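Residue numbers (the numbering used here), protein chains in the order written: chain V, 1394 to 1722; chain R, 53 to 551; chain W, 42 to 161; chain H, 4 to 110. Before any comments, here is the structure.
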């Protein structure tokens, strides 16, 4: 049954991908892209990757669709149909596809327990996680401890994106985009005149925040963690911005504060590592923090996940506010 | 108990990464962000020097992050080449930052500078992170840190072309990184590990299978995009031309070479022993690309009318030499590649520093606008000319040492070697032409624009950097022992003794 | 069944090809970002397809672990969690640059911006 | 046993409603009627499916989760339909089946 479901969603993913690329109305294309991400997320879930599914659903289907919409309202919603040189790209792409297709013939099959992937490093994680770290979610254990250095890099990637968007979009436009003052007013007010949307939307915000908290702090026991929780928190704020107007969300969450929070999140993560160093252990060796290694690992993971969540939340809010308030800049 | 000395391998990345977010929160006006960034970079540079001496004394260093054993946790690996790359990156960053002390205010509004310097530190630590890690996926993560920070810095360029250049850079860079990730994915699929050394060992069981060959192809392709190898080079001259001048000093010296470093690591440590008969094919492909690259790069450079663009295409050509050396697959080739990586970094940094000074005074980098610059900015132009000599490969300069070892390595491969040597010499002649084109206009044509007397010569910080780099060109041209010994011990590391 | 075990990989290749095609051929900057997104998602599918074990469950311990219990491989999941965040970072930066290009050039079509760059 | 039968019946009816809604989407002439077809049947069908699933679970954490999902869908699905129809009206999609004199009152 599950296998059949997998085939079905995979086929849907392929169809939707084609629809995304083909549709020349960009609003339609980005809605297709949101559906694409959601299907992808359900697919990940079928493939036993709940953490990834949660993150993909929150980030790919939620946040990035909002960002695309915001960007489209500032650029153009139609793509110009242009007949350019298409032969060379098609040939290149076809060759790449063909090469990969041939390579699949010697690849291990899906779910093959004897595949090399399941032999060497992975069993060690499954075997040793209860012994060294003792939290049920192995993904979180690897993410925050065994490969915590990667995750630190990741936090800094998202931080870089945040300050990048901020620095790119803080240039004053030379001439104001061609919108009338009435449209401008509408853009700022958001959906304030839609009573139904406002009431129902506002009901969802606290629930979203609550769910974000669950995902953040329960991530050691069930799917979740800093990344998905951050995306959920940011989604709640984005919902508020969409309902009440982006100027209000920007006033509630000023960019200056957000950038400080994002930097704080990074500093918490790197700071935990530096603290381990100062205590005479390796970088990010949480065992330095306490005498009992399991408790030390527990608190180390708690702290770095908090740093991750803080940075992701702050950066995504920052990016949303920067794009959504651009029309009034 | 670990001492500070034991922590240096990780500190070289962590120090700038720890301080970069703080720089972003500093008040933008005033010199504070610049000062913090410069001090951080100087410390990083000092750590890199210490790492180089450590590697020369005791051999390669390893460091376990989180103290987890190696294929399970992430390990750092610092060999001679990595230590040298860390030195190049932090040195180039320091040079760029000193130049930016006087060149940045002109091009980037003051209120953006704290974000820009934060990105600068992130780019630097990302690049260093790539060269010192021993984990294939970790390379991807740090590649993304450095790339994103670089896109931001290019987008902050003074003209609107900076935006399109940055977008093109972003698309190519992301495609390159994703191709790299596909390659790593296939290697992981066949080995079940991400640690490079472990991968090399475990690949022996599955060598010559199709996924491994595909992995090799995708890795090389992705890294070639990142390294601006010839058909994928289009983003690079644009990015160098439209980025702020001081940023170009930093990028030109090191950013693409990091991708070449990774390519060299994969090529010799992982692919060469495990590709069997297909290695020849891969090498032939890379060699063809590199030869077309250096001929075409030099040719386009001759016809460029913008000095920054000219130097950008010259970089395409010079990277072609490095890749040619890699494609030879011999230990002499490795040495030549490493030596040229180092020497090209110091000459290109010097050239771009001189250009930054000219842009600061003339407000343009079009070659025809720079007429008569030799009389108005004699010290700057002399520095440019001397670094240009090194680029051509005149004896007594670092460039000569590179060419010498490159041609030696090439000649080992028999008759093909003679042809390749001829091509290298042709490309060098082209370098003479494009450097001469600049020198002719600078010295022998009347000035188009008379500079006010007080603002003729470049400001002191730029001059100091420029001349330090020019002297380094001569120093390493006369006494290349440091670079040679690093290159030799890396070649021994990768190829084993006696091969 | 043997060949059907490759279905995931075929779809991954198909998505990769579609995404790459969009990046190469489309001239609209926003559309290119969408293409890049599909391209990256394809790679996510490649990695996540590796983690599946026949008869296994998600890599979370529930209750007392029994002997011979099979778990999906957690490592590719960690890598892709990381890669998803890289994806959104790249997307948002690309969109911000596209917005600025529209403000400076009045268009987000590459053909237009290239023409304007050539003129200046 | 009886609970199982009831839940099966509810799942089947729910699925049937969704299928009918899908037919409506294909057969109806314009956007508003199509949305009417899909949103009404879907809300009911979804509720039936959720309740059917609830009955199979007994008292567990999954019950609570299913209940929460049902409540959320009850809130969001009609609102989403409303928002879509509203957006269509604002952006000038005219209902095909409206009477002549109704057309004038539309924006």
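Glycine included, each C-beta is placed from N, C-alpha and C at the ideal position. Owing to the predicted nature of the structure, the values given are computational and were not obtained by experimental measurement.
Below-8 Å beta-carbon distance, residue i vs any chain R residue
{"i": "residue 1710 of chain V", "result": "no"}
{"i": "residue 70 of chain W", "result": "yes"}
Extent of the continuous alpha helix (DSSP H) run through residue i
{"i": "residue 445 of chain R", "result": "Neither: residue 445 of chain R is in no alpha helix (DSSP H) and is coded neither H nor E."}
{"i": "residue 398 of chain R", "result": "383-414"}
{"i": "residue 545 of chain R", "result": "533-547"}
{"i": "residue 150 of chain W", "result": "No alpha helix (DSSP H) holds residue 150 of chain W; DSSP gives it neither H nor E."}
{"i": "residue 1399 of chain V", "result": "1395-1415"}
{"i": "residue 53 of chain R", "result": "Here residue 53 of chain R belongs to no alpha helix (DSSP H), and DSSP marks it neither H nor E."}
{"i": "residue 496 of chain R", "result": "467-496"}
{"i": "residue 1653 of chain V", "result": "1648-1671"}
{"i": "residue 30 of chain H", "result": "5-30"}
{"i": "residue 287 of chain R", "result": "287-294"}
{"i": "residue 1704 of chain V", "result": "1686-1717"}
{"i": "residue 1609 of chain V", "result": "1588-1610"}
{"i": "residue 525 of chain R", "result": "512-530"}
{"i": "residue 101 of chain W", "result": "No alpha helix (DSSP H) holds residue 101 of chain W; DSSP gives it neither H nor E."}
{"i": "residue 53 of chain W", "result": "48-66"}
{"i": "residue 418 of chain R", "result": "Here residue 418 of chain R belongs to no alpha helix (DSSP H), and DSSP marks it neither H nor E."}
Proximal residues to residue i (C-beta, below 7 Å), its chain only, five neighbours per side dropped
{"i": "residue 562 of chain R", "result": "With chain R represented from 53 up to 551, any question about residue 562 of chain R goes unanswered, as that position is not in the structure."}
{"i": "residue 21 of chain H", "result": "44, 45 and 48"}
{"i": "residue 551 of chain R", "result": "Confidence is the limiting factor: at residue 551 of chain R the pLDDT is only 37, short of 50, which leaves the residue's position unreliable, though a coordinate-based value still follows. 383, listed in sequence order."}
{"i": "residue 1569 of chain V", "result": "The predicted position of residue 1569 of chain V is uncertain, since its pLDDT is 49 and thus under 50; no value can be drawn from it."}
{"i": "residue 45 of chain W", "result": "none"}
Residue i, DSSP secondary structure in three states
{"i": "residue 115 of chain R", "result": "strand"}
{"i": "residue 220 of chain R", "result": "helix"}
{"i": "residue 159 of chain R", "result": "coil"}
{"i": "residue 364 of chain R", "result": "helix"}
{"i": "residue 208 of chain R", "result": "coil"}
{"i": "residue 502 of chain R", "result": "coil"}
{"i": "residue 125 of chain W", "result": "helix"}
{"i": "residue 83 of chain R", "result": "coil"}
{"i": "residue 63 of chain R", "result": "helix"}
{"i": "residue 61 of chain H", "result": "coil"}
{"i": "residue 261 of chain R", "result": "coil"}
{"i": "residue 1344 of chain V", "result": "The question about residue 1344 of chain V has no answer, for chain V in this structure spans 1394 to 1722."}
Interface flag, residue i vs chain W, CB-CB below 8 Å
{"i": "residue 1426 of chain V", "result": "yes"}
{"i": "residue 365 of chain R", "result": "no"}
{"i": "residue 1570 of chain V", "result": "Legend: pLDDT at residue 1570 of chain V = 49, less than 50; position of this residue unreliable, value from coordinates given subsequently. Yes, because at least one Cβ of chain W sits closer than 8 Å to the Cβ of residue 1570 of chain V."}
{"i": "residue 1662 of chain V", "result": "no"}
{"i": "residue 1494 of chain V", "result": "yes"}
{"i": "residue 1612 of chain V", "result": "no"}
{"i": "residue 1458 of chain V", "result": "no"}
{"i": "residue 218 of chain R", "result": "yes"}
{"i": "residue 213 of chain R", "result": "yes"}
{"i": "residue 234 of chain R", "result": "yes"}
Bounding residues of the beta strand (DSSP E) (the contiguous stretch that carries residue i)
{"i": "residue 127 of chain R", "result": "127-130"}
Short CB-CB distance (under 8 Å) between residue i and chain V
{"i": "residue 171 of chain R", "result": "yes"}
{"i": "residue 157 of chain W", "result": "no"}
{"i": "residue 70 of chain R", "result": "yes"}
{"i": "residue 82 of chain H", "result": "yes"}
Close beta carbons around residue i, own chain, < 6 Å, minus the five adjacent residues each side
{"i": "residue 1623 of chain V", "result": "1702, 1705 and 1706"}
{"i": "residue 54 of chain W", "result": "none"}
{"i": "residue 1529 of chain V", "result": "1614"}
{"i": "residue 213 of chain R", "result": "294"}
{"i": "residue 1548 of chain V", "result": "1659, 1662, 1701 and 1704"}
8 Å CB neighbourhood of residue i in its chain, flanking five on each side removed
{"i": "residue 1648 of chain V", "result": "1559, 1711, 1714 and 1715"}
Proximity test, Cβ basis, 8 Å: residue i and chain H
{"i": "residue 1589 of chain V", "result": "yes"}
Within the region 1436-1490 of chain V, ranges of the alpha helix (DSSP H) (whole runs, at least 4 residues): Annotation: the region 1436-1490 of chain V contains the following complete segments of the alpha helix (DSSP H) (minimum length 4 residues), in chain order: 1443-1448 and 1457-1467.
Every unbroken beta strand (DSSP E) inside the region 299-344 of chain R [3 residues or more]: DSSP runs (the beta strand (DSSP E)) wholly in the region 299-344 of chain R: none.
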